[in-house]
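Written below as structure tokens is the structure these notes are about.
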Amino acid sequence: GVFVDCYQSAQLEMQEGQTAKVAKETLPPVFDDPPRGSFRGLVFNLVTTTNFDLFIALFIVLNVLSMAFESWKQSDFQNEFAFVTNYFFSFIFGWECIAKIYAFKSRRYFTNGWNKFDFFI
């Protein structure tokens, strides 16, 4: 129903050439983009790349796999593994959050739904 209608209208717009991709460099700076060349600007450029998102996605998958490793009567190794990986992944995801808040400032960070979700999880 609605999904098919939206898909078809978007497809028509693309065929008519009404939508055009805009290069990141041509976009005007947003209300609190960091100055170019500053450390905050370097962090901003890092956390807004697709490679950074893929890197974090890799850690999410590894975290899920490590949680799937748990069982009912765990051995000492499994308990130690769970303990170490819990701290490791908390460290990684904590630094992701800190880096994004530093790069985006809190006002812009919390305008994104996924960032809110990550922060409160």
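The numbering of the sequence shown is our numbering, which starts it at 63 and goes up by one. Here a beta-carbon is modelled for each residue, glycine too, at the ideal position from N, C-alpha and C. Quick caveat: nothing in here was measured; it's all calculated off a predicted structure.
Item	Value
Straight-line CA distance for I163 to Y171?	6 Å
Can you tell which of G156, Y149, N177 and I154 has the C-alpha that lies nearest to the C-alpha of T110?	N177
Determine the direct distance from the alpha carbon of I118 to that of A165, and round the result to whole angstroms.	16 Å
Using a Cβ-Cβ cutoff of less than 8 Å, which residues in the same chain neighbour S137 once the five nearest sequence positions on both sides are dropped?	none
Go ahead and pull the three-state DSSP assignment for T81.	Caution is warranted here: a pLDDT of 47 is assigned to T81, below 50, making its placement in the model unreliable, and no coordinate value can be reported.
Under the rule that 16 or more other beta-carbon atoms within 10 Å means buried, what is T81, buried or exposed?	Unreliable placement is indicated for T81, whose pLDDT of 47 sits below 50; the coordinate value is still reported in the next sentence. It counts as exposed.
Do A161 and V123 count as a contact pair if the criterion is CB distance below 8 Å?	no
Which residues bound the alpha helix (DSSP H) around N141?	D138 to Y171
So, using beta-carbon positions, are S133 and T147 closer together than 8 Å?	no
Using CA coordinates, which residue listed in V126, N113, R98 and F181 is at the minimum distance from W157?	F181
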